[in-house]
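S.K.: Quick one: this structure, given as C-alpha cells, is what I'll be asking you about.
Residue numbers (the numbering used here), protein chains in the order written: chain G, 1 to 217; chain Z, 1001 to 1243.
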C-alpha cells in the first residue's frame, strides 16, 4: 500500500511539476501584464496585489492545479480502477479478505491529497515570481511589488490553499475511483467510466470552489 | 447464526461449527430459476477430500466458486463454509472469514501491476499480522514450492499461462487454508502440469490433505486419479460420476 502511495505521489505530483510551474508562470505573467496596463490608466496600480492574491493565488491557482491533476491523474485513476474491476482483480482482492477500498482507493486518495496541496503551493510560488517578472517589465521595482502583494496576502490565503488541496485532491481520487469501480459490463465501458469520473470531478471542484468563497468570506 | 456451544472462533467476530464439513451446498439454485424448484444443487465437500464439479458452459459450475466465497448470495438454499452460512455474514466479518479460504478464480485473478511474487505475497502481507521477515520467508517457501523463483519478478502479462496459474494457486495456498476452491484451474495446461499443481495445492503445510473443490469442463485421467469424488453438473443439478 505504501508503494502505491509513493507511486501515486510520484506520478501525480513529481511528474506534474513542470506543467504546473509552466502554466502558473504563463497565467501570472498574462494576468499581471494586463492588469498593470489597465490599472495604470486609472492610477490604480496599487490594486495589483488584490488581483494577484484574490484572482491568481486564491481562486485560479487551486482551480487550475486541480484541473491539471484531474486531466493527468484522475483519468489514470479511473482507468486503472475500471481495469481492475473488469479483470476481476477487485473480486480477487475481496476473495482474499482484502478490502479493495483500503487497498486500492485509500492510497490513491492520500497520494492525490498530498500531491494537489503540494502542487498548489508550487503554483502560488511560481505565480508570485512570474508576477514580479511581468511587473518588472513594466518598470515596477521588486520592493514595490513585494509591498503591494504582501499588503493583500494573509495567513488565511495560505491555509485556505492547503484546505482546498485536501478537498480537491480527495475529490479527484473519490469521484474517479467511484466511477472506475462502478464499471460492470466490460472493457468497452472503461472510456465511458473515465469520462464520467473526470466530468464529475470537475463539477465537484467548481462547486467546492464556490462553497469555499462563501465559507471563507 | 451459529450454535455457540459447538462453535470455534476462527478470528475476530468469526466462528465456525466444529466438525462441520468445509463446504456444503444445500438446495442451491445455481441458475437462478425460481420457477424450477426441482433443479437444486446439493454437494458436500468433506475435510481432506478433492471434489471435482464437471460441467459445460451454462451448467451452473461458474457459480460454485463465487457462492462458496460469499461473493454472491444464493437466491435459494444455503452455502455453508465450515458450518457457517457464508452469505449471511456482515461484510467485514466476511472479509475476515475469507482469509481462512483459498480461491483461484477463473482466468487467474492476478493483479496486473504486481509481479508474480508480489501477487503471491499479497494475502500474506495484508491478511495476516506477520512481521516482514515472516512474510518474506513464507513467500520464498511458496515460490519454491510452486516453482516460481526464477520468474518471480515477471508481471502476469509477461508470464506464460502455466506460470500464471502456478502463481494463482500459490496465492490461493498462501495462508495455508483448510479449504481451497479452484475455478477451471487446468484450462490450457498439459495433464502433467495439472497433476503437478493439484498435488501441490492439496497438501497443507503439515502434510495433511486439505479440502479442495475444483470446477472443470473435463478431467484428464491423471487429474482424475487425484480426485476423491467427481460430480457432473447438468442444468444446475449434481449427478454423481464414477471415479
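We treat Cβ as the ideally placed atom computed from N, Cα and C, and that holds for glycine.
List, in order along the chain, the chain G residues whose C-beta lies closer than 9 Å to that of residue 1103 of chain Z?
M.R.: When 9 Å is used as the limit between beta carbons, residue 1103 of chain Z is near these residues of chain G: 92, 95 and 96, in chain order.
S.K.: Is any beta-carbon of chain Z found at less than 9 Å from that of residue 12 of chain G?
M.R.: Not closer than 9 Å to any Cβ of chain Z, the Cβ of residue 12 of chain G fails to qualify, so no.
S.K.: Return the first residue and the last residue of the alpha helix (DSSP H) that residue 1208 of chain Z is part of.
M.R.: No alpha helix (DSSP H) contains residue 1208 of chain Z, which DSSP labels as neither H nor E.
S.K.: In angstroms with no decimal places, state the Cα-to-Cα distance between residue 1212 of chain Z and residue 184 of chain G.
M.R.: About 30 Å.
S.K.: Does residue 1112 of chain Z get closer than 9 Å to chain G when you measure Cβ to Cβ?
M.R.: With 9 Å as the cut-off, residue 1112 of chain Z counts as an interface residue toward chain G.
S.K.: State buried or exposed for residue 14 of chain G, treating a residue as buried only when at least 16 other CB atoms are found within 10 Å of its CB.
M.R.: That one is exposed.
S.K.: Nearest-angstrom Cα distance between residue 950 of chain Z and residue 1192 of chain Z?
M.R.: Given that chain Z is displayed from residue 1001 to residue 1243, the structure contains no residue 950 of chain Z and the question cannot be resolved.
S.K.: Where does residue 1227 of chain Z sit, in a helix, a strand or coil, going by DSSP?
M.R.: coil
S.K.: Note down, one range per segment and in chain order, each alpha helix (DSSP H) of at least 4 residues found wholly within the stretch 1032 to 1120 of chain Z.
M.R.: 1064 to 1068 and 1091 to 1098
S.K.: Give a yes or no on whether the C-beta atoms belonging to residue 122 of chain G and residue 20 of chain G are separated by under 9 Å.
M.R.: yes
S.K.: If contact means a Cβ-Cβ distance below 9 Å, which residues of the stretch 142 to 173 of chain G contact chain Z?
M.R.: none
S.K.: At which residues does the beta strand (DSSP E) containing residue 1239 of chain Z begin and terminate?
M.R.: 1237 to 1241
S.K.: Given that a residue counts as buried once 16 or more other Cβ atoms are within 10 Å of its Cβ, and exposed if not, what is residue 10 of chain G?
M.R.: exposed
S.K.: Am I right that residue 164 of chain G and residue 62 of chain G are in contact with their C-beta atoms under 8 Å? What's the rounded C-beta distance?
M.R.: 4 Å
S.K.: Does any heavy atom of the ligand NAD sit closer than 8 Å to the C-beta of residue 1029 of chain Z?
M.R.: Here there are no bound small molecules, and the ligand NAD is not part of this structure.
S.K.: Secondary structure at residue 209 of chain G, three-state DSSP: helix, strand or coil?
M.R.: helix
S.K.: I'd like to confirm the pairing. Which residues does DSSP put opposite residue 1023 of chain Z in its beta bridges?
M.R.: Z/1045 and Z/1081
S.K.: Is residue 1187 of chain Z helix, strand or coil when you go by DSSP?
M.R.: coil
S.K.: From residue 86 of chain G to residue 80 of chain G, what does the alpha carbon distance come to, in whole angstroms?
M.R.: 10 Å
S.K.: Check for me: the alpha helix (DSSP H) holding residue 80 of chain G runs from which residue to which?
M.R.: 75 to 86
S.K.: How would you call residue 46 of chain G, buried or exposed, if buried means at least 16 neighbouring beta carbons within 10 angstroms?
M.R.: exposed
S.K.: At a Cβ threshold of 9 Å, is residue 1082 of chain Z touching chain G?
M.R.: no
S.K.: How should residue 2 of chain G be labelled, buried or exposed, when 16 other C-beta atoms within 10 angstroms of its C-beta is the threshold for buried?
M.R.: exposed
S.K.: Who does residue 1216 of chain Z pair with in a DSSP beta bridge?
M.R.: For residue 1216 of chain Z, the pairing in a beta bridge is given by DSSP as Z/1054.
S.K.: Measuring only the C-alpha atoms, how far is residue 70 of chain G from residue 120 of chain G?
M.R.: 13 Å
S.K.: Could you give the first and the last residue of the continuous alpha helix (DSSP H) run that contains residue 106 of chain G?
M.R.: 106 to 137
S.K.: Under 9 Å, Cβ to Cβ, is there at least one residue of chain G near residue 1179 of chain Z?
M.R.: no
S.K.: Who are the near neighbours of residue 950 of chain Z in its chain, counting only those whose CB is closer than 7 Å to its CB and skipping five residues on each side?
M.R.: An answer regarding residue 950 of chain Z cannot be provided, because it is not within the stretch 1001 to 1243 covered by chain Z.
S.K.: Cutting at 7 Å between CB atoms, please list the residues of its own chain near residue 73 of chain G, excluding the five before and the five after it.
M.R.: 11, 12, 112 and 172
S.K.: Which residues in chain Z sit within 9 Å of residue 43 of chain G, going by Cβ to Cβ distance?
M.R.: Those do not exist, as residue 43 of chain G stays about 60 Å from chain Z at its closest Cβ, beyond 9 Å.
S.K.: Mind checking who residue 1232 of chain Z pairs with in its DSSP beta bridge?
M.R.: DSSP output for residue 1232 of chain Z lists Z/1054 and Z/1239 as bridge partner(s).
S.K.: Could you name the residues of the same chain whose beta carbon sits closer than 6 Å to that of residue 1163 of chain Z, not counting the 5 residues immediately before and after it, in chain order?
M.R.: 1151
S.K.: Let me see if you follow: with CB-CB separation under 9 Å, is residue 1107 of chain Z close to chain G or not?
M.R.: yes
S.K.: Excluding the 5 residues preceding and the 5 following residue 26 of chain G in the sequence, name in chain order all residues of the same chain whose CB lies nearer than 8 Å to its CB.
M.R.: 130
S.K.: With distance defined between alpha-carbon atoms, name the residue in G/42, G/40, G/35 and G/66 nearest to residue 51 of chain G.
M.R.: Closest by alpha carbon: G/35.
S.K.: Compare the Cα-Cα distances from residue 1101 of chain Z to each of Z/1201, Z/1220, Z/1216 and Z/1222 and report the closest residue.
M.R.: Z/1201
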